[in-house]
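When you read off a place in the sequence shown, starting at 1, and then add 738, the result is the number in the numbering used here.
Don't be surprised by glycine CBs; every beta carbon is placed ideally from N, CA and C.
Written out below as structure tokens is the structure these notes cover.
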Amino acid sequence: MHLEFARTPLLCAYLLLMPTACGDDSSGGGADTEGATGGSSSSSGTGTSTGNSTSGTSSSSSAGSTGDTGTGTGSTGTGDTGTGGSTGGACAPGETPCDGGCVDTQTDAAHCGGCGNLCGPGGWTCDMGTCAESRAWQTPVAISGAVEGSRPQAAADDAGNATVVWTENFAGWTARYDGAMEQWGAAEVLAAQISSPPVADLQRASGAGIAAWRLISANGKAVRAATFDGSWGMASDVMSIPMNATGQIGTVHTAAGGDRMTVAWLGSIDGNPLRLRASVNDDGMGWGAPVLLDWEGASWGEPDDTNFALDVGPSGFVIAVWPQWNVDMARMVLNANGLGGPEIISSLPGNASRPDIAIDGQDRAIATWEQVEQGGSVHRVFVTRYAGGWSAPLELSANPNGVALAPKVAVGPAGDAMVVYAEVDAGMNVTNLWAHRFDPQSETWAPAMLLDQAGDDINAWSVAVDAAGNAGVLWTRRDANTDPYDVVARRYARVADAWGMVAAVESSPEPANFPELAVDGAGNLLATWEQSSGSNYQVYVSWYR
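In structure tokens:
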């Protein structure tokens, strides 16, 4: 059996603090466990990201007076005008003067409950003076075959098209959603043989895409990739090691932005140490020679170490982040490389771990990570922003003395961002899921928002931000009295500055794993996950539209 496909419980909660607790994958001193389902998949038009734990106010104002009518010509009144101003005449009963007209503030989505109270942008209605979403989660649909579909990953473009890739019977598969036809096409084989789950991304504006994976065969070892431009092309080697040569190839991440496709991976050649490498494909011209990203003397635990992240902005600007052992400081420091050379971007006390990164439409980036301190007993979440240079690290952890795990970040094109992470309380029996929103106008982070407090378990999560600054969070949870994991979601409305209620995405009695979230140009969310049928696993999808 290939170890990449083995299912193990993802949340070991507070036991992460013990070096032998989950045995997954260590960062630095081996005190915490990596459970990420792959790299960040955020890109230029909107942002998405996925993470695992091993383990508003509205403004309103009244309209101005219509003035005295009297017996003469009357006046327009001297009172203050409302958001839209007075119409200069009386409105019908039940209507309010707004924006030079008369509206029903009980049903008008542009003046819901009062002049200027906008419900939107898309997918919102005004119901009895209160904004309400007209969109809802659709009935889940299985897109994989009947043979063990697992580890799906989704990406969407601005036109409403989407791609999902997954593993099925040790082959790579994909299915395409046609945004114009609003339907899924038949699943097709992407690669007849793979040795790691495929990862994929789409360029937001053009819809062109990429999928990549690792292949170990009788002919050798390779990082392989296929590109999409209306249809999937033949897979080609980004890097290969002949079978008679020594070397290793590990975790593969990919990202697309502008006219650039990028693949990054861990690998070694001719017995040399593992190094972090990347290759780019510009304008479909083929893969360039691999470039070393990390510092010489890098210390990586194993080829399947997932402790790095990658994103590409709309101009093709690439940033990779990773923690690396610094001998002088005797700890793991956080590093970044924009394909120009590595730099240390955080050297806080303790060990950096499990980073994620997303780039907005102006090539500004936000990186987030865990900082593991006090011998592994404290896990804190930090962020740093890139805008021509990196800002000082800022802590987001809701409880600085708690165990904050696996932060994930998504960024919209205007710079609206959301960081989501889990935190295990001191009682070791409750996992909280937190979100922090970044406002690019004020350049401030909002206070922590508690998204969920599961009595037993929160297992994995994914986050996406659309072009209007709305956000969606998808996660799996298990209540104290039920064994299966369920897929649930919450949505943040930027205009209302408010979160909706937790919504069930699926209600199967069988367990669900590896939730992934993508968002299209209209703000529609696409959820995908793997779910047991009792005898095997299948890949499911559901649109929020």
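Between the options, which lies nearest to residue i when the distance is taken from Cα to Cα?
i: A1186; options: W1237, P1151, P1222, D896; result: W1237
i: E926; options: A1260, T868, G971; result: G971
i: W1107; options: A1152, A1125, N907, V1158; result: V1158
i: A1160; options: T905, D1195, L1132, D1177; result: D1195
i: S955; options: I987, A924, S944, A949; result: I987
i: A1103; options: D1154, W1281, Q1109, F908; result: D1154
i: Y1124; options: P890, H1117, A1105, Q1109; result: A1105
i: L856; options: P1011, A1231, P936; result: A1231
i: P1222; options: N1251, R889, Q876, G1140; result: N1251
i: V1029; options: S1053, G1009, N1075; result: N1075
i: S1115; options: G1140, A943, C864, G832; result: G1140
i: G1024; options: M1070, L1012, L1014, D975; result: D975
i: V1168; options: A1192, R1175, D1008; result: A1192
i: G887; options: K1146, E906, G838; result: E906
i: M919; options: A909, W911, G898; result: G898
i: S933; options: A913, F908, A943, A924; result: F908
i: N1210; options: D1224, H1174, P1178; result: A quick correction: the sequence has Gly, not Asn, at residue 1210. Per the Cα distances, H1174.
i: D1042; options: E1254, R1013, Q844; result: R1013
i: L928; options: W1003, G917, G861, A950; result: A950
i: G1259; options: G861, V990, D1177, G968; result: G861
Thinking C-beta only, is residue j closer than 8 angstroms to residue i?
i: V1257; j: A1242; result: no
i: L1212; j: A894; result: no
i: A1148; j: S787; result: yes
i: T1214; j: A1198; result: yes
i: P878; j: V1279; result: yes
i: I948; j: A938; result: yes
i: A993; j: L1048; result: yes
i: F966; j: T901; result: yes
i: N1073; j: W1038; result: no
i: C853; j: C869; result: no
i: L1077; j: V1050; result: no
i: S1091; j: P1061; result: yes
i: V1119; j: L1134; result: yes
i: G1285; j: Q941; result: Because the chain here runs from 739 to 1283, residue 1285 falls outside it and cannot be looked at.
i: A913; j: I881; result: yes
i: L1031; j: A1058; result: yes
i: P1145; j: D1094; result: yes
Count the other CB atoms, across all protein chains shown, that sit within 10 Å of the CB of residue i; report buried if there are 16 or more and exposed otherwise.
i: D1101; result: buried
i: S1180; result: exposed
i: L1188; result: exposed
i: G1005; result: buried
i: A769; result: The predicted model places A769 with a pLDDT of 31, which falls under 50 and marks its position as unreliable, so this point remains unresolved.
i: P1247; result: exposed
i: M866; result: exposed
i: A830; result: exposed
i: L1310; result: With the chain running from 739 to 1283 in the structure shown, residue 1310 is simply not present.
i: V1277; result: buried
i: N1089; result: buried
i: S765; result: Residue placement at S765 is flagged as unreliable, the pLDDT there being 33, under the threshold of 50; the coordinate-derived value follows with that caveat. With 16 or more other Cβ atoms within 10 Å, it is buried.
i: V885; result: exposed
i: A1130; result: exposed
i: S1245; result: exposed
i: P1011; result: exposed
i: N982; result: exposed
i: S872; result: exposed
i: Q1112; result: exposed
i: D1098; result: buried
i: A874; result: exposed
i: T1266; result: buried
Starting from residue i, follow its DSSP beta bridges and name the residues at the other end.
i: H991; result: A1002
i: W970; result: F966
i: A1155; result: V1149, F1176
i: D1049; result: I1057
i: Y1124; result: A1103, W1128
i: E871; result: W862
i: A1265; result: L1255, S1280
i: W951; result: R962
i: S1091; result: E1108
i: S1270; result: Y1275
i: G887; result: E906
i: C836; result: G839
i: W922; result: Y915
i: E1248; result: Beta-bridge pairing links E1248 to no other residue.
i: M1187; result: A1173
i: D975; result: R962
i: N1073; result: W1060, I1082
Regarding residue i and the ligand NAD, is the C-beta to nearest heavy atom distance less than 7 angstroms?
i: A1265; result: The ligand NAD is not among the ligands present in this structure, which contains no ligands whatsoever.
Is the number of C-beta pairs between the stretch 942-959 and the stretch 1268-1275 that are closer than 8 angstroms three or more?
no
Touching by the beta-carbon criterion (3+ pairs, under 8 angstroms), the stretch 989-1000 and the stretch 1013-1029:
yes
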